[in-house]
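Asker: These protein sequences, in sequence, are chains A and B. In the numbering used here, each residue's number is its place in the first sequence (first place is 1) plus 396. In the numbering used here, each residue's number is its place in the second sequence (first place is 1) plus 821. Ideal Cβ positions, reconstructed from N, Cα and C, are used throughout, including at glycine.
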Amino acid sequence: MNSEHYPLRASDDYLSYSFLSLGHRGPILKVITFDPIEAEPHQVFNLSLADADNATKQIRDDVISDNGDKNKIIETVAESINIFSGHYFKAYILIRGNSSSRNRMYQMAIASRLEKIRLRYEIYGLTKMGWQAFLKNQNYEGFLLRRND
Amino acid sequence: MSGTKVKKRRGDAPEGDVPKINVPQWVWDRNNDPNAKKRMETAKKIIAVHGLPKGRDGKAS
Numbered sequence: 397m398n399s400e401h402y403p404l405r406a407s408d409d410y411l412s413y414s415f416l417s418l419g420h421r422g423p424i425l426k427v428i429t430f431d432p433i434e435a436e437p438h439q440v441f442n443l444s445l446a447d448a449d450n451a452t453k454q455i456r457d458d459v460i461s462d463n464g465d466k467n468k469i470i471e472t473v474a475e476s477i478n479i480f481s482g483h484y485f486k487a488y489i490l491i492r493g494n495s496s497s498r499n500r501m502y503q504m505a506i507a508s509r510l511e512k513i514r515l516r517y518e519i520y521g522l523t524k525m526g527w528q529a530f531l532k533n534q535n536y537e538g539f540l541l542r543r544n545d
Numbered sequence: 822m823s824g825t826k827v828k829k830r831r832g833d834a835p836e837g838d839v840p841k842i843n844v845p846q847w848v849w850d851r852n853n854d855p856n857a858k859k860r861m862e863t864a865k866k867i868i869a870v871h872g873l874p875k876g877r878d879g880k881a882s
């Protein structure tokens, strides 16, 4: 997961990251957050990606910015996971889109990078039967990552 | 943040390696994210219902 990505700014606790999406609709400030869900017996964090709307001073995860730089944003999120997991080693990271189309996008992004991801992470997909090791060409409702190196 | 442990490992990038961009202070404030609470509740529910993946020993790996 070391392809081109936007420069990231991390919060002091490495739980939040910000970057500028520079697509055809102009600069859009994005925020990636790892929210703690569970601390014991395993740390679990929920990953979210949202836009920072300067006009309303709100963080919005329900907007579609359509800035034409989806792959670079995905690589930037991947880089934030690399940095985060270096500081919160062995923590689980839950990734879930707020719509089925976003889940499909995450699924395709993971599938296309699966070999690379597996070098560093365990990765699981959520089905109605529970968690299973991620497989290509399978639909999932969410994803769970954990560093394994 | 309370309740979380930062574990640094040998080989981690030193602090300060992340390039700096100008980020307004309000961006870091979780209170400015109206969907944060709902998102976390959903995530907690998923973990409560499905748990974590099982390892070979039948426990969360």
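Report the CB separation of Ala404 of chain A from Glu475 of chain A in whole angstroms; it is logged as a contact under 8 Å.
Answerer: Residue mapping note: residue 404 of chain A aligns to position 8 of the first sequence, counting from 1. Residue mapping note: residue 475 of chain A aligns to position 79 of the first sequence, counting from 1. The amino acid at residue 404 of chain A is misidentified as Ala; the sequence shows Leu. Right, their Cβ atoms sit about 6 Å apart.
Asker: Considering only the alpha carbon of each residue, which of A:Gly526, A:Tyr402, A:Tyr520, A:Tyr517 lies closest to Leu425 of chain A?
Answerer: In the first sequence, the residue the question calls residue 425 of chain A occupies position 29. Distances from the alpha-carbon of Leu425 of chain A to those of A:Gly526, A:Tyr402, A:Tyr520, A:Tyr517 put A:Tyr402 closest.
Asker: Quick check on Asn544 of chain A: does DSSP put it in helix, strand or coil?
Answerer: The count along the first sequence starts at 1 and reaches residue 544 of chain A at position 148. Here Asn544 of chain A sits in coil by DSSP.
Asker: Check each candidate in A:Lys466, A:Ala448, A:Met501 and name the one with the smallest Cα separation from Glu400 of chain A.
Answerer: Residue numbering aside, residue 400 of chain A sits at position 4 when the first sequence is read from its first letter. With distances taken between Cα atoms, Glu400 of chain A lies closest to A:Lys466.
Asker: Can you find a CB in chain A that lies within less than 8 Å of the CB of Ile868 of chain B?
Answerer: By 1-based counting over the second sequence, the position of residue 868 of chain B is 47. True, the Cβ-Cβ gap to chain A drops below 8 Å.
Asker: Going by Cα to Cα distance, which pick from A:Lys532, A:Arg492, A:Gln534 is closest to Ile868 of chain B?
Answerer: The count along the second sequence starts at 1 and reaches residue 868 of chain B at position 47. For Ile868 of chain B, the nearest C-alpha among the options comes from A:Arg492.
Asker: Per DSSP, what kind of secondary structure is Thr472 of chain A in: helix, strand or coil?
Answerer: Stepping through the first sequence from its first residue, residue 472 of chain A is reached at position 76. Here Thr472 of chain A sits in helix by DSSP.
Asker: Within this structure, are the beta carbons of Asn544 of chain A and Glu518 of chain A separated by less than 8 Å?
Answerer: Counted from its first residue, the first sequence places residue 544 of chain A at position 148. Counted from its first residue, the first sequence places residue 518 of chain A at position 122. Yes, they are a contact pair.
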